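Residue 148 is where the sequence shown starts when you use our numbering, and the numbers rise one by one after that. To keep things clear, I will list the structure first and then write my remarks on it.
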Amino acid sequence: MAAIALITPTRNRGQMLLETYQSILNQSFPDWQWNIVVDGEDGLKDEIAAHLSQHQRVKVYFIPRVGMTKSVDFGVKISDSKWVGVVDDDDWLHLDCLRLSWEFVQENPCDLAYTKYYEVVGDRTFKGKRSFIDYCPDRLLLDFMTFHFRLINRKSLNAIGGINTDLVYAYDYDLCLRMSEVGKIGHVPEYLYYYRHHSDRISADRRLDQIYYAGKVVQEALKRRGLEKDFFLDVKVTTSLISKKH
């Protein structure tokens, strides 16, 4: 059993996935496994198999097209580890991401820990820093501050029922909301994840769908917390402020 299992759902990503791969191989923390779940037909199947399956701790699974949420769920369930983390197929990790995240959860017992992250554009052009909002279970209803990178305790994940595979989008927001209601969430005070913006990213291509599902999971959270009689959800598309300083 590995300490950490990383899950990456992917489809037709190519070079960016190879960059993700390199960042994981270069981790200063050695006790990990990585499950790459190829969601449906992929024109880069042979390339993926040739380059990514060479490392004994990297496993590539080709499954019928089921979408991101079910692909992540598949990867989580087939992995064997104490902790789980998801890395998007177009992003990459800081060299010390796993080590510092692991050290944090050892020193600060919690069910889920999340780091700060950088935003980059296209071919690694720096855009800015994110993660300015301090964690608060109630504020999480308004702001998804528990973003990348997240390290999740497997036992805690199982205790809340795992990933909600009925959600096409925003499964991670839903997971964090449910975890915040019964568990402890910690914040690693380091920038350890690189989140890439580009035209083919789901967050760009399916923005309105994401907003719809995010609103849906917040509405369910209000019900679980007994707050639906006191509050209603007003969904708006908003802008955000990003620091350009390194």
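Every residue, glycine too, gets a C-beta built ideally from N, C-alpha and C. Predicted, not measured: the structure shown is a model, and the values here were computed from it.
Paired residues, beta bridge with residue i - DSSP
i	result
A149	S228
W239	Y341
I280	DSSP lists no partner for I280.
K206	N182
N300	W230
F221	None; F221 has no bridge partner.
H198	Beta-bridge pairing links H198 to no other residue.
T155	I183
T272	V268
Residue i to residue j span [Cα, whole Å]
i	j	result
L289	R325	14 angstroms
P156	D186	7 angstroms
N173	D258	26 angstroms
E375	G330	21 angstroms
G235	I171	The sequence as given places Asp at residue 235; Gly does not occur at that position. The alpha-carbon atoms of D235 and I171 are separated by roughly 12 angstroms.
W179	K274	29 angstroms
D270	D377	46 angstroms
A150	L240	17 angstroms
V364	D227	28 angstroms
P177	Q169	14 angstroms
A351	H344	At A351 the pLDDT is 48, less than 50, meaning the model places this residue with poor confidence and gives no usable figure here.
G165	R371	Reading off the sequence, residue 165 comes out as Leu, not Gly. Rounded to whole angstroms, L165 to R371 spans 41 angstroms at the Cα level.
K217	N255	30 angstroms
Residue i - containing beta strand (DSSP E), residue span
i	result
V185	W179 to D186
Closest by C-alpha distance to residue i, when choosing among the options
i	options	result
I280	P336, Q201 and R204	P336
Y265	H295, R286, C283 and R246	H295
G333	L314, M292 and G308	M292
T167	L153, F176 and P177	L153
Y341	M163, V267 and Q357	V267
R297	Y316, F251, G362 and E367	F251
Y338	L287, Y261, R371 and R353	Y261
E328	R212, L369 and G161	L369
I358	Y208, R246 and Y316	Y316
R277	P284, H198, K302 and K263	K263
R158	A197, P211 and Q201	P211
H198	G232, M163 and W230	M163
I299	D321, G232 and T312	G232
Limits of the alpha helix (DSSP H) - the one that residue i falls within
i	result
F294	F294 -> no alpha helix (DSSP H), and no H or E assigned at all.
A368	R354 to R371
A260	First-last for A260: L259 to V268, but that is the beta strand (DSSP E), not the alpha helix (DSSP H).
D171	Per the sequence presented here, residue 171 reads as Ile, with Asp not at that position. Here the alpha helix (DSSP H) through I171 covers Q162 to L172.
S248	C244 to E254
A317	Segment: none, A317 is in no alpha helix (DSSP H) and carries neither H nor E.
Beta carbon of residue i nearer than 7 angstroms to that of residue j
i	j	result
V219	W181	no
L304	Y360	no
V184	G214	no
D238	S175	no
I310	Y318	yes
Q366	L380	yes
Residue-level contact to chain C via CB, residue i, 7 angstroms cutoff
i	result
S226	Given the protein chain composition of this structure (a single chain), no chain C is represented.
Residue i CB to nearest heavy atom of the ligand PLP below 6 angstroms
i	result
N300	Because no ligand of any kind appears in the structure shown, any question about the ligand PLP cannot be addressed here.
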